Every structure is written in C-alpha cells, then in structure tokens.
Amino acid sequence: MRQGVRLGVDVGRARVGLARSDRDGLLATPVETVARDLKGSADVDHIVAVARDLEVLEIIVGLPIALSGAHTASTQDALEFAERLATAIDTPVRTVDERLSTVSAHAALRSAGRKTKTHRSVIDQVAAVIIVQHTLDAERATGIAPGALLDANEGL
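Per this note's numbering, the sequence shown starts with residue 47, numbered consecutively.
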C-alpha cells in the first residue's frame, strides 16, 4: 500500500464533493463541497489549492458509469473535469468507477438518521468518501491502485 493522502472528487452538475484519506491510506473523511463553475475555473482552482495544501499523493475522480457499464453524459462530464484537473496540477489524477456511490451515500445518510431534505449539503462529500474508501480498500486488497491514471497531455 502506497503511503500518502489521496483526495477524492465526486463531480456533480452543480457541486463537487471532496474527501481525503489519512497518510496511511486507511480511512477516508469528508473535506468540503465546492460549487461547480461551468463558465470558469474557480472550482478546479480551489480543488488544486486544497490538493496542494494537503500535499496529496494523487487525486481520485469518480466516474459515474451506468450499471450496464456504458458511459453516460455524466461520465463524460466527470472525465472532462478530471482532464481539467490534470492539466492544472502536477499531481497524478486517477479515474475510478463510482457506480452507485451516490446511492450508497444516500443510504448511509438515511441510516445515520439524516432527513432526505438535508442530504444536499453533504451528499457529494459522502459520495467522495465512498470513492476514496473503495479505492483504498481495493489497493490494499490487490496491491495495485485501481482505475486509470490520466495523462494530462493525452487524456484517457
């Protein structure tokens, strides 16, 4: 298992959830929710600043792939966001399958007694926690980091 903080990113149409791991790669915790900037780069710039502040080993961007395995408009949006991050920072950016992370996040919040109406403010952070935790668990189990490493010069 590689040592170092990972920053997880759950890309949504309106918001981006951020979560981080501890340096030992054992546990993921929420960081914050960032508003999407569809006309500029304030969202990417802020995430780059967070990544630099945390001195992350890598940034993990979840890809919302359909249950059938097909890519959707949301998948393409997340890929484009990951590419923007990769060109804005020297830190490696990895994409991972995040099927059902938002569904799992809603279930976790419900089981914690949180009302559905109050999910919006934290759902993206919880989904990012799930993305990071699944990535950590997969790497710990196999010794190989899951997903695809993005090359900022070539895309995926």
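For every residue, glycine included, the Cβ atom is placed at its ideal position computed from N, Cα and C. All figures in this text were calculated on a predicted structure; none of them were measured in a lab.
Please go through the same chain and pick out, in chain order, the residues whose beta-carbon is closer than 8 Å to the beta-carbon of residue i, but skip the five residues on each side of it.
i: Val51; result: Arg66, Ser67, Asp68, Arg69, Leu100, Glu101, Val102, Leu103
i: Asp91; result: Ala134
Quick one: residues in its chain with C-beta nearer than 6 Å to the C-beta of residue i, no 5 flanking neighbours on either side, listed in chain order?
i: Ala191; result: Glu185
i: Thr118; result: Ala112
i: Gly54; result: Ala65, Ile106, Ala174, Ile177, Val178
i: Ser157; result: none
Please go through the same chain and pick out, in chain order, the residues whose beta-carbon is closer than 7 Å to the beta-carbon of residue i, but skip the five residues on each side of it.
i: Arg145; result: Ile111, Leu113
i: Asp170; result: Asp56, Gly58, Arg61, Val62, Gly63, Thr79
i: Ala97; result: Leu53, Ile105, Ile135, Thr137
Could you pull the start and end residues of the beta strand (DSSP E) that residue i belongs to?
i: Arg52; result: 52-57
i: Leu182; result: Where Leu182 is concerned, there is no enclosing beta strand (DSSP E), although the alpha helix (DSSP H) it sits in stretches over 169-188.
i: Ala65; result: 61-67
How about residue i and residue j: do their beta carbons lie closer than 8 Å?
i: Val178; j: Ala95; result: no
i: Ala194; j: Thr141; result: yes
i: Asp56; j: Ala132; result: no
i: Arg59; j: Ala81; result: no
i: Val107; j: Ala124; result: yes
i: Met47; j: Gly71; result: yes
i: Leu196; j: Glu129; result: yes
i: Asp136; j: Leu109; result: no
Report the three-state DSSP secondary structure of residue i (helix, strand or coil).
i: Glu101; result: coil
i: Arg48; result: coil
i: Ala191; result: coil
i: Asp83; result: coil
i: Gly201; result: For Gly201, the pLDDT reaches just 47, beneath the cut-off of 50, and the residue's location in the model is therefore unreliable, leaving the point undetermined.
i: Ser120; result: helix
i: Arg130; result: helix
i: Leu113; result: coil
i: Asp91; result: helix
Between which two residues does the alpha helix (DSSP H) harbouring residue i extend?
i: Glu144; result: Here Glu144 belongs to no alpha helix (DSSP H), and DSSP marks it neither H nor E.
Where DSSP assigns a beta bridge to residue i, which residues make up the other side?
i: Pro76; result: Ala65
i: Ile106; result: Gly54, Arg140
i: Leu196; result: Val139
So is residue i in contact with chain D if we call contact Cβ pairs under 8 Å?
i: Ala112; result: Considering every chain present, this structure includes no chain D. It has just one protein chain.
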